[in-house]
Amino acid sequence: MAATEKQTLGFQAEVKQLLQLMIHSLYSNKEIFLRELISNASDAADKLRFEAINNAALYENDPELQIRIAVDKAARTITISDNGIGMSRDEAVEHLGTIARSGTKEFFSKLSGDQQKDAALIGQFGVGFYSAFIVADRITVESRRADLPADQGVRWESGGEGDFSVETITKPTRGTDIILHLREGEDEFLSAWQIKSVIRKYSDHISLPIRMQKEEWDEEAKEMKTTEELETVNQASALWARSKSEITPEQYNEFYKHVSHDFQDPLTYTHNRVEGRSEYTQLLYIPAHAPFDLWDRNKRGGIKLYVKRVFIMDDAEQLMPVYLRFVKGVIDSNDLPLNVSREILQESRDVKVIREGSTKRVLGMLEELANSEDAAQKEKYASFWKEFGQVLKEGMGEDAGNKERIAKLLRFASTQNDSDEQNVSFADYVARMKEGQDKIYYVAAETFDAAKNSPHLEIFRKKGVEVLLLTDRVDEWMLSFLNDFEGKELVSVAKGDLDLGKLEDEAEKKQHEETEVQYKELVEKMKTALAEKAKDVRVTFRLTDSPACLVADENEMSANLVRMLKAAGQKAPETKPILEINPDHPLVQRLKYEEARFNDWSSILFDQAALAEGSQLADPAGFVKKLNEMLLAMATK
Numbered sequence: 000m001a002a003t004e005k006q007t008l009g010f011q012a013e014v015k016q017l018l019q020l021m022i023h024s025l026y027s028n029k030e031i032f033l034r035e036l037i038s039n040a041s042d043a044a045d046k047l048r049f050e051a052i053n054n055a056a057l058y059e060n061d062p063e064l065q066i067r068i069a070v071d072k073a074a075r076t077i078t079i080s081d082n083g084i085g086m087s088r089d090e091a092v093e094h095l096g097t098i099a100r101s102g103t104k105e106f107f108s109k110l111s112g113d114q115q116k117d118a119a120l121i122g123q124f125g126v127g128f129y130s131a132f133i134v135a136d137r138i139t140v141e142s143r144r145a146d147l148p149a150d151q152g153v154r155w156e157s158g159g160e161g162d163f164s165v166e167t168i169t170k171p172t173r174g175t176d177i178i179l180h181l182r183e184g185e186d187e188f189l190s191a192w193q194i195k196s197v198i199r200k201y202s203d204h205i206s207l208p209i210r211m212q213k214e215e216w217d218e219e220a221k222e223m224k225t226t227e228e229l230e231t232v233n234q235a236s237a238l239w240a241r242s243k244s245e246i247t248p249e250q251y252n253e254f255y256k257h258v259s260h261d262f263q264d265p266l267t268y269t270h271n272r273v274e275g276r277s278e279y280t281q282l283l284y285i286p287a288h289a290p291f292d293l294w295d296r297n298k299r300g301g302i303k304l305y306v307k308r309v310f311i312m313d314d315a316e317q318l319m320p321v322y323l324r325f326v327k328g329v330i331d332s333n334d335l336p337l338n339v340s341r342e343i344l345q346e347s348r349d350v351k352v353i354r355e356g357s358t359k360r361v362l363g364m365l366e367e368l369a370n371s372e373d374a375a376q377k378e379k380y381a382s383f384w385k386e387f388g389q390v391l392k393e394g395m396g397e398d399a400g401n402k403e404r405i406a407k408l409l410r411f412a413s414t415q416n417d418s419d420e421q422n423v424s425f426a427d428y429v430a431r432m433k434e435g436q437d438k439i440y441y442v443a444a445e446t447f448d449a450a451k452n453s454p455h456l457e458i459f460r461k462k463g464v465e466v467l468l469l470t471d472r473v474d475e476w477m478l479s480f481l482n483d484f485e486g487k488e489l490v491s492v493a494k495g496d497l498d499l500g501k502l503e504d505e506a507e508k509k510q511h512e513e514t515e516v517q518y519k520e521l522v523e524k525m526k527t528a529l530a531e532k533a534k535d536v537r538v539t540f541r542l543t544d545s546p547a548c549l550v551a552d553e554n555e556m557s558a559n560l561v562r563m564l565k566a567a568g569q570k571a572p573e574t575k576p577i578l579e580i581n582p583d584h585p586l587v588q589r590l591k592y593e594e595a596r597f598n599d600w601s602s603i604l605f606d607q608a609a610l611a612e613g614s615q616l617a618d619p620a621g622f623v624k625k626l627n628e629m630l631l632a633m634a635t636k
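Quick look at the structure:
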């Protein structure tokens with residue numbers, strides 16, 4: 000092959016870092032390089048098949064898509080070849096020299112140096128092609144895109160250090176050949192038998208035929224020798240199209256790794272053929288671990304769309320709602336046209352049916368785990384919630400039709416436990432409600448400790464009433480779409496007047512009324528003193544230890560939500576909180592008789608209450624000055 004315009008380029012810094020980490024972290028499971036390269040070859044064939052729907056000329060004179068693997072013991076090479084879509088020179092530089100993925104910086108910041116933990120992270124990142132450097136000290140890639148002439152092929156080569164070379168070559172056939180020059184000590188992969196064993200273990204589900212030269216025993220030489228005849232090593236049929244009874248759990252797991260490029264087994268999966276108004280097959284997986292780019296809402300989930308087993312597109316966002324973007328898998332429709340586009344998918348009635356059916360199937364999988372009596376299944380749901388719970392909460396505002404189902408799947412921390420583990424469901428809470436209790440109480444804060452130590456919880460602890468502790472950023476937004484659970488109203492303990500209903504007896508109510516009368520004059524004086532800070536001042540009976548607390552009015556945003564909006568650079572309404580004072584606290588009782596520095600004392604109580612709920616003071620220096628003056632005045636008395 001003639002070669003021209005050879006050029007040496009440097010790897011992107013992240014690629015260098017990834018190569019070094021991967022070689023060391025994944026070495027104990029090095030045979031996965033073959034799975035990754037076969038998976039990429041399969042994807043290339045899928046892309047050609049899709050583009051050829053509207054341009055059959057792309058098949059050239061080679062319509063049978065396949066993957067071929069050859070072992071050359073003398074040259075110490077393994078060659079993985081496909082006749083898929085191929086790459087242009089620019090695509091080879093882009094795909095093999097850089098990692099152009101959102102979240103790359105965050106991914107590298109999570110790496111710890113612990114090989115086992117880093118291996119899991121690298122698996123989530125999806126290393127694909129680069130895994131070949133685990134066993135090869137040099138890799139040569141020769142490729143030609145299907146729509147380019149023979150003299151526009153490309154050769155890419157690298158030793159996996161700091162750079163790679165790229166040059167234009169003549170390549171008569173389309174597709175890609177990857178030649179691995181094996182490192183010393185990797186002789187096991189020069190065995191055709193070993194290669195076939197790895198293929199059957201990891202890639203049996205690939206729908207393309209994977210072919211190798213047959214081997215026969217040479218009696219004279221007393222060894223196996225290759226022949227010119229090819230044999231198909233894998234089953235070469237779409238796994239999702241097979242009967243469930245024919246598929247082993249190991250095969251399901253390996254197919255998951257193929258579609259997700261994850262290195263770990265999935266948490267759970269579902270495989271179904273749906274018949275009726277719309278016919279389709281779904282094979283859907285829930286990963287065991289969150290990917291590094293989970294919070295990129297523009298990065299759609301890994302649903303591959305097929306029509307009658309013909310690949311149509313990756314990341315078909317119309318088939319799964321955004322809040323289920325962690326779901327991976329395949330959906331194969333019998334009803335959609337082969338030339339379906341993303342625009343057509345948006346309007347298709349069949350797609351709407353598939354989306355609704357697949358959403359319900361995923362929620363059903365989660366319900367099975369969450370409601371199981373089996374300890375292992377329950378543990379799986381706890382693991383799912385830890386990884387994906389915050390994303391599932393988004394569904395409360397995005398999927399009105401499944402709101403009640405999602406609500407039953409939600410988990411929270413609560414005052415029932417000292418741990419910050421989110422393992423309390425609404426159903427658990429309701430089952431433990433006190434006699435006479437008709438509301439579900441919650442408090443929202445930025446951290447677990449802030450929620451657990453909130454002064455708003457004092458009366459609830461005294462009465463033994465459980466309160467849910469909400470600390471995820473999405474929580475208060477989520478609860479704006481959920482007013483009650485099974486008829487029990489959800490109430491923030493930091494908003495509006497405290498109404499304990501039947502949890503408060505008549506004697507307590509009468510005593511409270513009398514106390515309010517006794518403190519009416521003090522309350523009015525404090526309203527005047529704090530007119531610039533507080534919307535209102537009133538006596539409260541929600542406090543037992545703290546002198547005061549701030550609450551939001553019933554129909555206004557909580558202070559926690561306002562803080563989060565401002566931190567995110569969004570506008571938030573400028574509102575004043577309500578100051579509630581504890582009539583049983585010595586500081587409040589002393590204030591009844593304070594004249595000289597009444598305004599300062601009132602201001603200090605307000606600022607203390609603001610600090611206790613996690614707010615930042617408008618004038619922290621002023622607060623410290625007033626407090627110091629008060630302390631000095633008390634010390635000199």
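Residue 409 in numbering that gives the first Met the number 0 sits at position 410 of the sequence shown, and the numbers go up by one each step. All C-beta atoms in this analysis are idealised placements derived from N, C-alpha and C, irrespective of residue type, glycine included. As the structure is a prediction and not an experimental result, all values here were calculated from the model.
Endpoints, the alpha helix (DSSP H) within which residue i is located
{"i": "D474", "result": "D474 to L478"}
{"i": "Q376", "result": "A374 to K392"}
{"i": "A43", "result": "I31 to E50"}
{"i": "I194", "result": "A191 to Y201"}
{"i": "L409", "result": "Unbroken run through L409: none, as it is neither H nor E."}
{"i": "Y428", "result": "F425 to A430"}
Through-space distance from residue j to residue i, alpha-carbon basis
{"i": "Y129", "j": "H94", "result": "11 Å"}
{"i": "L521", "j": "L626", "result": "21 Å"}
{"i": "R404", "j": "E397", "result": "13 Å"}
{"i": "T267", "j": "D437", "result": "37 Å"}
{"i": "W155", "j": "A220", "result": "38 Å"}
{"i": "N252", "j": "I77", "result": "26 Å"}
{"i": "V321", "j": "D535", "result": "42 Å"}
{"i": "K526", "j": "Y428", "result": "38 Å"}
{"i": "T280", "j": "D313", "result": "16 Å"}
{"i": "P582", "j": "N370", "result": "46 Å"}
{"i": "A99", "j": "P290", "result": "Confidence in A99 is poor, its pLDDT being 46 and thus under 50, which makes the residue's placement too unreliable to answer from."}
{"i": "L179", "j": "A135", "result": "6 Å"}
{"i": "G159", "j": "L323", "result": "37 Å"}
{"i": "F480", "j": "M395", "result": "6 Å"}
{"i": "G275", "j": "K501", "result": "52 Å"}
{"i": "D599", "j": "A506", "result": "35 Å"}
{"i": "G435", "j": "N401", "result": "30 Å"}
{"i": "F387", "j": "F310", "result": "28 Å"}
{"i": "K461", "j": "L497", "result": "15 Å"}
Where residue i sits in the DSSP three-state scheme
{"i": "I648", "result": "The requested residue 648 does not occur in the structure, where the chain is confined to residues 0 to 636."}
{"i": "W239", "result": "helix"}
{"i": "V678", "result": "Nothing can be reported for residue 678, as the shown portion of the chain is limited to 0 through 636."}
{"i": "Q466", "result": "The sequence shown places Val at residue 466, not Gln. DSSP places V466 in coil when its eight states are reduced to three."}
{"i": "N401", "result": "helix"}
{"i": "I22", "result": "helix"}
{"i": "L8", "result": "strand"}
{"i": "L323", "result": "helix"}
{"i": "H260", "result": "coil"}
{"i": "F622", "result": "helix"}
{"i": "V361", "result": "helix"}
{"i": "H288", "result": "coil"}
Opposing strand residues paired with residue i [DSSP bridges]
{"i": "T446", "result": "T446 pairs with nothing; no bridge assigned."}
{"i": "E520", "result": "The partner list for E520 (beta bridge, DSSP) is empty, contrary to what the question assumes."}
{"i": "S164", "result": "T7 and E156"}
{"i": "G174", "result": "R143"}
{"i": "K487", "result": "F484"}
{"i": "V70", "result": "I77"}
{"i": "V14", "result": "According to DSSP, which records beta bridges pairwise, V14 is partnered with nothing at all."}
Interface flag, residue i vs chain C, CB-CB below 7 Å
{"i": "S196", "result": "The chain labelled as chain C is not found in the depicted structure, where only one protein chain is given."}
Residue span of the beta strand (DSSP E) that contains residue i, given as start and end
{"i": "T78", "result": "T76 to D81"}
{"i": "L229", "result": "E222 to T231"}
{"i": "M211", "result": "I209 to D217"}
{"i": "K312", "result": "Position check: residue 312 holds Met in this sequence, whereas Lys was assumed. Counting along the chain, the beta strand (DSSP E) containing M312 begins and ends at V309 to M312."}
{"i": "V273", "result": "T267 to V273"}
{"i": "L282", "result": "Y279 to I285"}
Sequence ranges, alpha helix (DSSP H) only - wholly within the stretch 531-604, length at least 4: The stretch 531-604 contains these whole alpha helix (DSSP H) runs: 558-566 and 585-590.
Uninterrupted beta strand (DSSP E) stretches inside the stretch 325-353 (no shorter than 3 residues): Fully enclosed beta strand (DSSP E) runs of 3 or longer: 327-332.
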